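So in numbering that gives the first Met the number 0, spot 126 of the sequence shown is number 125, and the numbers just go up one at a time. This report concerns only the one structure given below.
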Amino acid sequence: MLQAFFANLHIVATLIVANYVLAAVCAVREVMASRTSQGSIAWLASLAFLPFPTAFVYLIFGWKHFDDYARTRLELRLTRPIRAEELQVIDRETGKQWPVLQHAAGAPFLAGNKPGLLIDGEATFASIFAGIASAQTYVLIQFYIIRDDRLGRQLADALIERARAGVQVWVLYDDVGSSDLPLSYRRRLREAGISVAGFNQRHRFLRFAGPMRINYRNHRKVVLVDGKVAWTGGLNVGTEYLG
0 MLQAFFANLH
10 IVATLIVANY
20 VLAAVCAVRE
30 VMASRTSQGS
40 IAWLASLAFL
50 PFPTAFVYLI
60 FGWKHFDDYA
70 RTRLELRLTR
80 PIRAEELQVI
90 DRETGKQWPV
100 LQHAAGAPFL
110 AGNKPGLLID
120 GEATFASIFA
130 GIASAQTYVL
140 IQFYIIRDDR
150 LGRQLADALI
160 ERARAGVQVW
170 VLYDDVGSSD
180 LPLSYRRRLR
190 EAGISVAGFN
200 QRHRFLRFAG
210 PMRINYRNHR
220 KVVLVDGKVA
230 WTGGLNVGTE
240 YLG
């Protein structure tokens with residue numbers, strides 16, 4: 000056995016060198032494409048001290064293939080000041096903390112908005128369904144999780160009713176968060192003329208693996224009706240969120 004090991008020692012050495020090269024490539028990639036310094040430091044330390052397992056884990060969870068995302072963010076930063084000048088921006092001197100808050104949010108304070116607070120899931124979805132029922136032009140739906148339960152079917156019924164009335168409806172769900180959403184649910188929406196899509200959609204057997212990272216998901220929960228009324232927060236579509 001020992002003789003066989005030494006006979007194949009060059010193969011072992013090649014694999015070790017290849018792993019170090021792969022770890023180095025991953026480290027360079029992380030430095031070039033990192034989104035947070037904390038995440039980069041953790042990856043770089045792991046790649047340096049545990050290159051064998053970390054390099055392969057990085058390929059699955061850490062490798063970023065979302066160059067379009069970076070370009071979009073850059074374009075938004077360049078165009079946002081121009082768009083803000085065209086809008087009615089509230090005087091910053093009205094509140095001394097507004098410049099700080101605007102910088103943190105990356106968006107200006109604008110007039111013409113009236114926020115409201117919904118205290119629980121029952122109140123939130125009652126308001127959302129009332130808003131959908133009043134839609135005249137379009138409805139945009141975006142959730143991380145949509146379940147085919149009582150609440151999910153109530154949402155589908157509300158959207159289908161509006162679609163049949165001539166309102167344009169779009170639904171975007173996350174392909175991992177809504178992995179249990181059956182095809183029959185989506186088919187029912189599409190048959191009513193509703194546009195349905197999964198964010199970062201992949202083949203179901205590859206959904207939790209590969210370089211299109213499992214943790215790169217769309218957790219937004221937004222409902223927009225006619226460009227006039229919007230709902231956002233932390234609730235997904237499922238009866239467990241009603242409490």
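Positions of the beta carbon are idealized from the N, C-alpha and C atoms, including for glycine. Since the model is a prediction, treat every value here as computed from it, not as a measurement.
Inset, instruction - Give a yes or no on whether the C-beta atoms belonging to G130 and L241 are separated by under 8 Å. - result: Taking 8 Å as the Cβ cut-off, G130 and L241 do not qualify as a contacting pair.
Inset, instruction - List in chain order: all unbroken alpha helix (DSSP H) runs of 4+ residues lying wholly within the region 130-210. - result: DSSP runs (the alpha helix (DSSP H)) wholly in the region 130-210: 149-163 and 182-190.
Inset, instruction - Within its chain, find whatever has a CB closer than 6 Å to the CB of D173; leave out the 5 residues flanking it on each side and keep chain order. - result: Cβ within range, chain order: Y143, F198, R216 and N217.
Inset, instruction - Spatial neighbours of L158 within its chain, please: CB distance less than 8 Å, with the 5 preceding and 5 following residues excluded, ordered by chain position. - result: So the qualifying residues of the chain are I131, V138, I140, V168, V170, L188, A191 and I193.
Inset, instruction - Can you say whether R185 is buried or exposed, counting buried as having 16 or more other CB atoms within 10 angstroms of its CB? - result: Result: buried.
Inset, instruction - Going by DSSP, name the residue or residues bridged to V228. - result: Its beta-bridge partners are V224.
Legend entry - Secondary structure of G237, DSSP reduced to three states: If DSSP states are grouped into helix, strand and coil, G237 belongs with coil.
Inset, instruction - Using only alpha-carbon positions, find the residue among K227, I10, T238 and A12 that is nearest to D148. - result: For D148, the nearest C-alpha among the options comes from T238.
Legend entry - Secondary structure of L109, DSSP reduced to three states: In the structure shown, L109 sits in a strand (DSSP, three-state: E or B).
Inset, instruction - Quick one: residues in its chain with C-beta nearer than 8 Å to the C-beta of Q200, no 5 flanking neighbours on either side, listed in chain order? - result: The answer, listed in chain order, is D174.
Inset, instruction - Assign T136 to one of two classes, buried (16 or more other C-beta atoms within 10 Å of its C-beta) or exposed (fewer than that). - result: T136 comes out exposed.
Inset, instruction - For P114, name the three-state secondary structure that DSSP assigns. - result: Correct three-state label for P114: coil.
Inset, instruction - Enumerate in chain order the residues of its own chain whose CB-to-CB distance from I127 is below 7 Å, with the five nearest sequence positions on each side excluded. - result: Cβ within range, chain order: V222 and W230.
Legend entry - Beta-carbon separation (whole angstroms), A26 vs L14, contact threshold 8 Å: About 19 Å separates the CB atoms of A26 and L14; that is not less than 8 Å, and the two are not in contact.
Legend entry - Residue burial classification, D179 (beta-carbon count within 10 angstroms, cutoff 16): With fewer than 16 neighbouring CB atoms inside 10 Å of its own CB, D179 falls in the exposed class.
Inset, instruction - With DSSP collapsed to three states, give me the class of N217. - result: The three-state secondary structure of N217, taken from DSSP, is coil.
Inset, instruction - Apply the 10 Å Cβ neighbour rule to I145 and answer buried if 16 or more other Cβ atoms are within range, or exposed otherwise. - result: That one is buried.
Inset, instruction - Express the C-alpha separation of L116 and K227 in angstroms, rounding to a whole number. - result: Straight-line Cα distance between these residues: approximately 17 Å.
Legend entry - 6 Å CB neighbourhood of V224 in its chain, flanking five on each side removed: Cβ neighbours of V224 beyond the five flanking positions: G130, A134 and V138.
Inset, instruction - Count the other CB atoms, across all protein chains shown, that sit within 10 Å of the CB of N112; report buried if there are 16 or more and exposed otherwise. - result: So N112 counts as exposed.
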